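Take a look at the structure set out below.
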Amino acid sequence: MTARYHLLTRLVPYLRPYWPLLALGGLLALVVSGSEAFIAWLVKPAMDDIFLKRDVTMLRLIPLVLLATYVIKGAGRFGQSYLMASVGERVIARIRGELYAHIQSMPLSFFASLHSAELMTRVVTDVNRLARLSSTVLVMAVRHVGTIVALIVVMFLREWVLALIAIAVFPVVGLAVRIIGRKLYKINRRAQQKIAELNVVLQESFTGTKIVKAFGRERLEQERFDQVNDRLLALALKDRRVDEMAEPIMEVLGALAIMGALWYGGYRVISGALTPGEFFSFTAAVILLYGPVRQLSRMANTVQQSIASVERVFEILDTPPAIVDAPDAHALAGFTDAIVFEGAGFRYPESETWALQDISLTVRKGELVAFVGMSGAGKTTLMELLPRFHDVTAGRITL
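Per my numbering, residue 2 is the first one in the sequence shown, and the count goes up by one each step.
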């Protein structure tokens, strides 16, 4: 779990250039949170002063204050959501650009180990999931955490025993979210692999349309597609089942907390220790509280669903290029003399067999040289060493 969440910290350097926008968005999130808590706080004077004391002045004042609070809350929500989402989109655009540039710097052996459709899935689908994670966390987390803290403060100020009863279910909520999140991570890791497999099948089928039709393989290709598609469907349905479990669990736990608060609070009102306004102000805070709690639980699920994509993106970014220039390398003026192979040898990654071994030859400028031999003798590999599609495993090539 810790290792997976460590991946999220790798997004921090991408966020640093936008800290002024993040700070402003955070302040607006606090405005939204404070407005939510203030609405719950207003329930007491509305109940006690208007309905019990029949105060006409408060009757005129409180509705206007309530309207102004909602206007401020709406403006703050819009500003915070837009600022945070814009930062998220900029971060994703930068990561997508870095990922593409990194892939372009990789040697041919890298592309031999990963199908082009798999790479497209990582650049498009996985990065899009990363965008979903970025926007969700930035937009929702600050706002909902602030709202939860503000409402809990209101609850404790109204009646601390009732507040303890209401939040007693929070540890159970955290445990449920953690269990569901683990399941979602495993499911989505496999689902992203299946999406990549599906893209591979599609690309091979579309690029080889003439071959498919020439050999009458339409039915076989359809069966191949259906197999991967059915496995992806099963994973998608499983993901939905697990994800949708969070909502009813939150509702049942919330109902238990409200039931306990209603029982104890009603007793306090009947005994005269609590006014109806204080009790309903507390109840409003509890009702408003469980909305952000539910949203945070779903956000935690979204994080788990997206971490699999984060891993797949950084797997590529963390793969060092197999071919790099020496620190003191300098640009050549041009080809002037000869190409010299000095004991050159090459072996493909993860292969124990040498494709080329101890090749020594000199080709002078202007000479025409032909390489002949059986298929698999290494002619193509030898030519691919010249433009440095691969680096030699042994020896060297000089100009």
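Heads up, the beta-carbon is just placed ideally off N, CA and C, and yes, glycines get one too. Since this is a predicted model, take the numbers as computed values, not measurements.
Using beta-carbon positions only, say whether residue i and residue j come within less than 8 Å of one another.
| i | j | result |
| --- | --- | --- |
| A247 | S298 | yes |
| A378 | G344 | no |
| Y349 | S110 | yes |
| E224 | V213 | no |
| S34 | T148 | yes |
| V287 | A262 | yes |
| I153 | I166 | no |
| V370 | V364 | yes |
| M433 | Q296 | Nothing can be reported for residue 433: it is not among the residues displayed for the chain, which extend from 2 to 400. |
| V202 | F226 | yes |
| M300 | V138 | yes |
| V243 | L176 | no |
| L131 | I104 | no |
| R232 | K187 | no |
| S117 | Q204 | yes |
| G98 | L29 | no |
| L238 | V174 | no |
Taking just the CA atoms, how far does residue j sit from residue i?
| i | j | result |
| --- | --- | --- |
| I340 | V125 | 41 Å |
| K74 | E37 | 8 Å |
| L150 | A256 | Rather than Leu, the amino acid found at residue 150 in this sequence is Val. Approximately 20 Å between the Cα atoms of the pair. |
| A356 | I317 | 26 Å |
| R191 | L236 | 8 Å |
| V92 | M375 | 51 Å |
| V325 | F112 | 16 Å |
| E252 | F171 | 12 Å |
| T337 | H391 | 23 Å |
| M121 | G209 | 18 Å |
| L199 | T303 | 23 Å |
| L9 | N129 | 15 Å |
| P14 | W20 | 11 Å |
| S361 | A102 | 35 Å |
| D329 | E351 | 30 Å |
| R183 | P249 | 18 Å |
Taking residue i and residue j to be in contact with their CB atoms under 8 Å, please state how far apart those CB atoms are, rounded to whole angstroms.
| i | j | result |
| --- | --- | --- |
| G346 | V393 | 6 Å |
| A289 | A41 | Just to set this straight, residue 289 is Leu in the shown sequence, not Ala. Their Cβ separation, rounded to whole angstroms, is 6 Å, which keeps L289 and A41 in contact under 8 Å. |
| V162 | Y71 | That belief does not hold up - the Cβ atoms of V162 and Y71 are roughly 31 Å apart, past 8 Å. |
| P388 | S106 | P388 to S106, Cβ: 15 Å. No contact. |
| I398 | L383 | Not really, about 10 Å apart at Cβ, beyond 8 Å. |
Here's a check: name, in chain order, each residue in its chain whose Cβ is nearer than 6 Å to the Cβ of residue i, leaving out the five neighbours to either side.
| i | result |
| --- | --- |
| N189 | Q306, A309 |
| G278 | K45, M48, D49 |
| R159 | E279, S282, F283 |
| M119 | The residue asked about is misnamed: residue 119 is Glu in this sequence, not Met. Counting only Cβ-Cβ distances below 6 Å, and skipping sequence neighbours, we find A197. |
What does DSSP give as the partner residue(s) for residue i in the beta ladder?
| i | result |
| --- | --- |
| R365 | A339 |
| L357 | F347 |
| I398 | F342 |
Who are the near neighbours of residue i in its chain, counting only those whose CB is closer than 7 Å to its CB and skipping five residues on each side?
| i | result |
| --- | --- |
| D127 | Q193, S310, R313, V314 |
| L23 | L16, V88 |
| L25 | L84 |
| G27 | V143 |
| V270 | P277, F280 |
Spatial neighbours of residue i within its chain, please: C-beta separation below 8 Å, excluding the five flanking residues on both sides.
| i | result |
| --- | --- |
| R218 | I212 |
| K380 | F372, V373, G374 |
| V66 | L43 |
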